[in-house]
Amino acid sequence: IITSNVYNISNKIHFGQNHRRVCVQVLDPHYGMYVWPCSVVLAQFVWHNKALVRDQRMLELGAGTALPGIVAARCGATVTLSDLPRCLPSCAHSCRVNGLDGSVPVLGLRWGLVTPSLVTMPPLDIILGSDILYEPRVSFQLYFFSLSSAAINTLF
Numbered sequence: 001i002i003t004s005n006v007y008n009i010s011n012k013i014h015f016g017q018n019h020r021r022v023c024v025q026v027l028d029p030h031y032g033m034y035v036w037p038c039s040v041v042l043a044q045f046v047w048h049n050k051a052l053v054r055d056q057r058m059l060e061l062g063a064g065t066a067l068p069g070i071v072a073a074r075c076g077a078t079v080t081l082s083d084l085p086r087c088l089p090s091c092a093h094s095c096r097v098n099g100l101d102g103s104v105p106v107l108g109l110r111w112g113l114v115t116p117s118l119v120t121m122p123p124l125d126i127i128l129g130s131d132i133l134y135e136p137r138v139s140f141q142l143y144f145f146s147l148s149s150a151a152i153n154t155l156f
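Per UniProt numbering: the sequence shown = residues 1 to 156.
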């Protein structure tokens, strides 16, 4: 069963000349595959602060359906989406249905595991994350990751 939710973040959101919506779909009933409330709030924040994200290099942690990352990409950011390997097809699908196929890399990432793709990432300006701190050990790992990455300017 495929359930589709289309989020029209605000009646005032316009991408280019025409009004365009961001579409995300729940393809799998796993915990990380839903559009959680904080994801919508973060996407709204990104949209309303698009001048802050334009031309920034961003990583979305625990992207799932990737709503904030897709909005950031639509606002002109260079975005990489990351999540657990089982969530990557959902991230890639969200990119495809929003016309971002091929322009937004999708990276498998597990907390505490340093992989070659993580180490070779270009420096980041902003890390996005919503509804990712539901396990206490993850919050400490995120904190230490952000401290060790001097190139990161902002954590949303």
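A virtual CB, placed ideally from N, CA and C, is assigned to each residue, including glycine.
The beta carbon of Asp55 sits closer than 8 Å to those of Gly76, Ala77 and Thr78, all from its chain and outside the five residues before and after it, given in chain order.
Boundaries for Val71: no beta strand (DSSP E) harbours it, while the alpha helix (DSSP H) harbouring it runs Leu67 to Arg74, taken from the DSSP string. Here DSSP, grouped into helix, strand and coil, assigns Leu100 to coil.
Under DSSP, Gly62 takes part in no beta bridge, so it has no partner. Taking Met58 as the centre and dropping the five residues before and after it, the same chain places the C-beta of Gly69, Ala72, Ala77, Thr78, Val79, Thr80, Leu124, Asp125, Ile126, Ile127 and Leu128 closer than 8 Å to its C-beta, in chain order. Shortest Cα-Cα distance from Pro122 to any of Pro37, Ala63 and Pro105 involves Pro105.
Gly64 and Asp83 do touch by the CB rule: their CB atoms are close to 6 Å apart, below 8 Å.
The beta-carbon separation of Cys38 and Ser94, rounded to 17 Å, does not stay under the 8 Å limit for a contact. Exposed is the label assigned to Ser117, since fewer than 16 other Cβ atoms lie within 10 Å of its Cβ. A check of alpha carbon separations from Ser90 across Leu67, Val114 and Arg110 identifies Leu67 as the nearest.
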